[in-house]
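Visitor: There's a structure below that I have some questions on.
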Amino acid sequence: MHKRIHTGVKPFNCTGSNSFSQMPVLTTHQIIHMGVKSFTCSTSGRSFTEKETLRRLWQIHTGMKPFHCTECNKCFSHKSTLIRHQSVHTGMKPFNCSERNKRFSRKASLTKHQRIHLGVKPFLCADCGKSFTEKGNLSIHQKIHTGLKPFHCTECNKTFKRKAALTKHQRVHTGMKPFHCTECNKSFRHKSSLIFHQRIHTGMKPFHCTECNKCFSWKSTLTKHQRVHTGMKPFHCTECNKSFSRKENLKTHQRIHTGLKPFHCTECNKCFSHKSTLIRHQSVHTGMKPFHCTECNESFCQKVQLTKHQRIHTGLKPFHCTECNKSFSQKSTLTKHQRVHTGMKPFHCTECNKSFSRKENLKTHQRIHTGLKPFHCTECNKCFSWKSTLTKHQRVHTGMKPFHCTECNKSFSWKENLKTHQRIHTGLKPFHCTECNKTFKGKAALIIHQRTHTGMKPFHCTECNKSFSQKSTLTKHQRVHTGMKPFHCTECNKSFSWKENLKTHQRIHTGLKPFHCTACNKNFSHKSTLIRHQSVHTGMKPFHCTECNESFCQKVQLTIHQRSHTGLKPFHCTECNKSFSQKSTLTKHQRVHTGMKPFHCTECNKSFSWKENLKTHQRIHTGLKPFHCTECNKSFRQKSSLIFHQRIHTGMNLFNCTECNKCFSHKR
Numbered sequence: 008m009h010k011r012i013h014t015g016v017k018p019f020n021c022t023g024s025n026s027f028s029q030m031p032v033l034t035t036h037q038i039i040h041m042g043v044k045s046f047t048c049s050t051s052g053r054s055f056t057e058k059e060t061l062r063r064l065w066q067i068h069t070g071m072k073p074f075h076c077t078e079c080n081k082c083f084s085h086k087s088t089l090i091r092h093q094s095v096h097t098g099m100k101p102f103n104c105s106e107r108n109k110r111f112s113r114k115a116s117l118t119k120h121q122r123i124h125l126g127v128k129p130f131l132c133a134d135c136g137k138s139f140t141e142k143g144n145l146s147i148h149q150k151i152h153t154g155l156k157p158f159h160c161t162e163c164n165k166t167f168k169r170k171a172a173l174t175k176h177q178r179v180h181t182g183m184k185p186f187h188c189t190e191c192n193k194s195f196r197h198k199s200s201l202i203f204h205q206r207i208h209t210g211m212k213p214f215h216c217t218e219c220n221k222c223f224s225w226k227s228t229l230t231k232h233q234r235v236h237t238g239m240k241p242f243h244c245t246e247c248n249k250s251f252s253r254k255e256n257l258k259t260h261q262r263i264h265t266g267l268k269p270f271h272c273t274e275c276n277k278c279f280s281h282k283s284t285l286i287r288h289q290s291v292h293t294g295m296k297p298f299h300c301t302e303c304n305e306s307f308c309q310k311v312q313l314t315k316h317q318r319i320h321t322g323l324k325p326f327h328c329t330e331c332n333k334s335f336s337q338k339s340t341l342t343k344h345q346r347v348h349t350g351m352k353p354f355h356c357t358e359c360n361k362s363f364s365r366k367e368n369l370k371t372h373q374r375i376h377t378g379l380k381p382f383h384c385t386e387c388n389k390c391f392s393w394k395s396t397l398t399k400h401q402r403v404h405t406g407m408k409p410f411h412c413t414e415c416n417k418s419f420s421w422k423e424n425l426k427t428h429q430r431i432h433t434g435l436k437p438f439h440c441t442e443c444n445k446t447f448k449g450k451a452a453l454i455i456h457q458r459t460h461t462g463m464k465p466f467h468c469t470e471c472n473k474s475f476s477q478k479s480t481l482t483k484h485q486r487v488h489t490g491m492k493p494f495h496c497t498e499c500n501k502s503f504s505w506k507e508n509l510k511t512h513q514r515i516h517t518g519l520k521p522f523h524c525t526a527c528n529k530n531f532s533h534k535s536t537l538i539r540h541q542s543v544h545t546g547m548k549p550f551h552c553t554e555c556n557e558s559f560c561q562k563v564q565l566t567i568h569q570r571s572h573t574g575l576k577p578f579h580c581t582e583c584n585k586s587f588s589q590k591s592t593l594t595k596h597q598r599v600h601t602g603m604k605p606f607h608c609t610e611c612n613k614s615f616s617w618k619e620n621l622k623t624h625q626r627i628h629t630g631l632k633p634f635h636c637t638e639c640n641k642s643f644r645q646k647s648s649l650i651f652h653q654r655i656h657t658g659m660n661l662f663n664c665t666e667c668n669k670c671f672s673h674k675r
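Okay, so the sequence shown: first residue is 8 according to my numbering, each after it adds one.
This is the structure:
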């Protein structure tokens, strides 16, 4: 029997594929096929087909390690394990793989290795049919079905399926890191962690993407990367059903729902939901920006910020839209763009349920509800909800008009005003009224017009509760209460509440009379004067007084007339509380208090409070006497002089002496 060890003869064959040199060994082996397990462990209750296997398990329970290494005094439960260990010291690897020239210290290790080349997996799981190249791997796998975790941690009672897993775990408690990097002396608990780490020094990236040939140091990184190509998003948010390609992205997203901000600034105790946001924030305190652009010397807190910035110089746009082939330099910009195609609006306003495709648009919208106006004009301290509105407003102060009309070179402060203006040249009126089909160049003009049909007057005066259909009309009206006159005449320094009144006034100085009567070619400086004049030709007076049936050319004339019936005098003098039915009469009256004489004679520089007094005076210089007596044809400069004169012919004596009751035609 001993000679068979040297000759390799194995005459005893099992009905399977295995052969043995001794009959007792064959008999022991056949028990495996019979399923007989005669040897039972009294400690764990496990049964075995071989006595030797039971003996080895017993040594595990008792902790007995009778086999000592003479080199390092390490002890082992089994002699075979000692023999395997000793090859560490001797370096002997007598078993060679003919496929790859890989060498092994044990024949069993070579046999296991060769199964990789042969594809042999002789160990089958009876529960799920999965095959394995090694029996140990099958045993580990079977614990998935049995749930058996026989290895316990004495520190935390955690259990494991494999002893190796327990050994690795125990290093958490002991702090042991037995695997050292020879490059930087960094230590690791697990050999696999050391292997991963060493790729930093070697630059090895053994995992390749078959789609784009990009290489990665770790298989897990490759798996994550491949989801870019497949579009797979296996991680789902249970709150809003949003999906993510990476688990860490899901965790970050879930902080939106939980409000968790686990990253704390040690300087100011401010909390953040993202670590990257904390790092950016900390640069406020440290001022540190370690990542520098070699093109323009701009510095950044994070490498990812530098990478994004460098695409400005390189023009690189690695993120492509599959719908329209548009490219972007940042993935976040692509994600936002894709919502144009999908119509997705994931950001919802909790106040009005309006949805937005971008978070920044939601934040801007929410200022409507909060009234927040964070953008301040440094010139006039006016506040605005949006930066764009502030930028537009600042052009009021700077006078900047960056938008030019290519037709007439007219410039505008706002782009929308240019667009509206250009419709003058094109004649385009794209905004239609559904009530009367009237068309308008601008949307704002249409909205204002529609209030004619609806009667809506949304702008209210807080002083008198009067309502207006346009904000501009309310602004003008409020000057009645404030007395503000922001429009000044450069000729005579007279001020006006409304710009159109200033323009009308300036015609006194320019002599401009732009309103023409088509019937007689007479010109007028005021449109209202033209309308009144035209009634001479047409005889039309469409506005009737219901009290006395008197008719008027204009509605404003009727309104003024009706005050003679109602006695309404809405215009009050703040000096003497005297009231007047017309604003023009109040204006004239106020000159009594102010002493203002705005009407000047160009001949003698004499000044007058009222225009009609100037006209009367100018007849001294011109010699004009427009008032004629029908009895004797005598002429007079003033109507009052004619009335006095006519008493000679009528014999009217209006003035009585209180002493003797004598009557006179004139008071003086």
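C-beta: ideal position from N, C-alpha, C; glycine also. Every value quoted in this text rests on a predicted model; they were computed, and no experiment measured them.
Please determine, among H355, I90, F382 and H85, the residue with the shortest C-alpha to C-alpha distance to E78.
Guide: I90
Visitor: Taking only the alpha-carbon atoms, compute the straight-line gap between K646 and Q564 and give it to the nearest angstrom.
Guide: 24 angstroms
Visitor: If you draw a straight line from the alpha carbon of M30 to that of F19, how long is it in whole angstroms?
Guide: Taking the straight line from one Cα to the other gives about 6 angstroms.
Visitor: In terms of residues, what are the limits of the alpha helix (DSSP H) holding A451?
Guide: K450 to T461
Visitor: Taking the alpha-carbon positions, what's the T536 to G518 distance?
Guide: 15 angstroms
Visitor: Determine the direct distance from the alpha carbon of K333 to that of H327, and round the result to whole angstroms.
Guide: 6 angstroms
Visitor: Tell whether a beta-carbon distance below 8 angstroms holds between F447 and K464.
Guide: no
Visitor: Please list, in chain order, all residues of the same chain as S422 whose beta carbon is under 6 angstroms from its beta carbon, the five residues on each side excluded.
Guide: Reading off the sequence, residue 422 comes out as Lys, not Ser. So the list reads F410, once near-sequence residues are dropped.
Visitor: On a Cα-Cα basis, can you pick out the residue from K641, S616 and M407 that is closest to T601?
Guide: Distance from the Cα of T601 is smallest, within the candidate group K641, S616 and M407, for S616.
Visitor: Please report the distance separating the alpha-carbon of E498 from that of F335.
Guide: 59 angstroms
Visitor: If we count the other Cβ atoms within 10 Å of its Cβ and call it buried at 16 or more, is K86 buried or exposed?
Guide: With fewer than 16 Cβ atoms within 10 Å of its Cβ, K86 is classed as exposed.
Visitor: Assuming the contact rule is C-beta atoms closer than 8 angstroms, F270 and K282 should be a hit. Round their C-beta distance to whole Å, please.
Guide: Rounded, the Cβ-Cβ distance is 5 angstroms, consistent with contact.
Visitor: Pick out whichever of I627, S642 and H628 has its Cα sitting closest to the Cα of F634.
Guide: S642
Visitor: Determine which residues share a DSSP beta bridge with C278 and list them.
Guide: Per DSSP, the beta bridge partners of C278 are H271.
Visitor: Which same chain residues, not among the five before or five after H572, have their C-beta less than 8 angstroms away from its C-beta?
Guide: Take H572, set aside five residues on each side of it, and the residues of its chain with a beta-carbon closer than 8 angstroms to its own are C552, E554 and C555, in chain order.
Visitor: Give me the Cβ distance between K483 and S504, rounded to the nearest whole Å; I'm assuming they're in contact under 8 angstroms.
Guide: 7 angstroms
Visitor: Would T623 and R644 qualify as a contact pair, given that the criterion is a beta-carbon distance under 8 angstroms?
Guide: yes
Visitor: Compute the Euclidean distance between the alpha carbons of E57 and T97, then round it to the nearest angstrom.
Guide: 32 angstroms
Visitor: Could you please give me the residues that DSSP links to S194 through a beta bridge?
Guide: H187
Visitor: For R196 and S224, which I take to be in contact (beta-carbon distance under 8 angstroms), what is that distance rounded to the nearest angstrom?
Guide: Not quite, the Cβ-Cβ distance comes to about 19 angstroms (not below 8 angstroms), so this is no contact.
Visitor: Name the two residues that bound the continuous alpha helix (DSSP H) containing T56.
Guide: Here T56 belongs to no alpha helix (DSSP H), and DSSP marks it neither H nor E.
Visitor: Compute the Euclidean distance between the alpha carbons of N612 and R514, then round it to the nearest angstrom.
Guide: Taking the Cα positions, N612 is about 20 angstroms away from R514.
Visitor: Using only CA atoms, which one of F167, S84, E141 and H159 lies nearest to I151?
Guide: F167
Visitor: In terms of residues, what are the limits of the alpha helix (DSSP H) holding G266?
Guide: Counted as a single uninterrupted DSSP element, the stretch harbouring G266 is not any alpha helix (DSSP H), since DSSP gives it neither H nor E.
Visitor: Near F531, what residues of its chain come up, given a Cβ to Cβ distance below 6 angstroms and the 5 sequence neighbours on each side ignored?
Guide: K520, F522 and L537
Visitor: Determine the direct distance from the alpha carbon of A115 to that of C76, and round the result to whole angstroms.
Guide: 21 angstroms
Visitor: Measure from the C-beta of N620 to each C-beta in chain C and report whether the shortest distance is under 8 angstroms.
Guide: This model lacks chain C altogether; it includes just one protein chain.
Visitor: Specify the secondary structure class of S2 as computed by DSSP and reduced to three states.
Guide: Given that the chain is displayed from residue 8 to residue 675, the structure contains no residue 2 and the question cannot be resolved.
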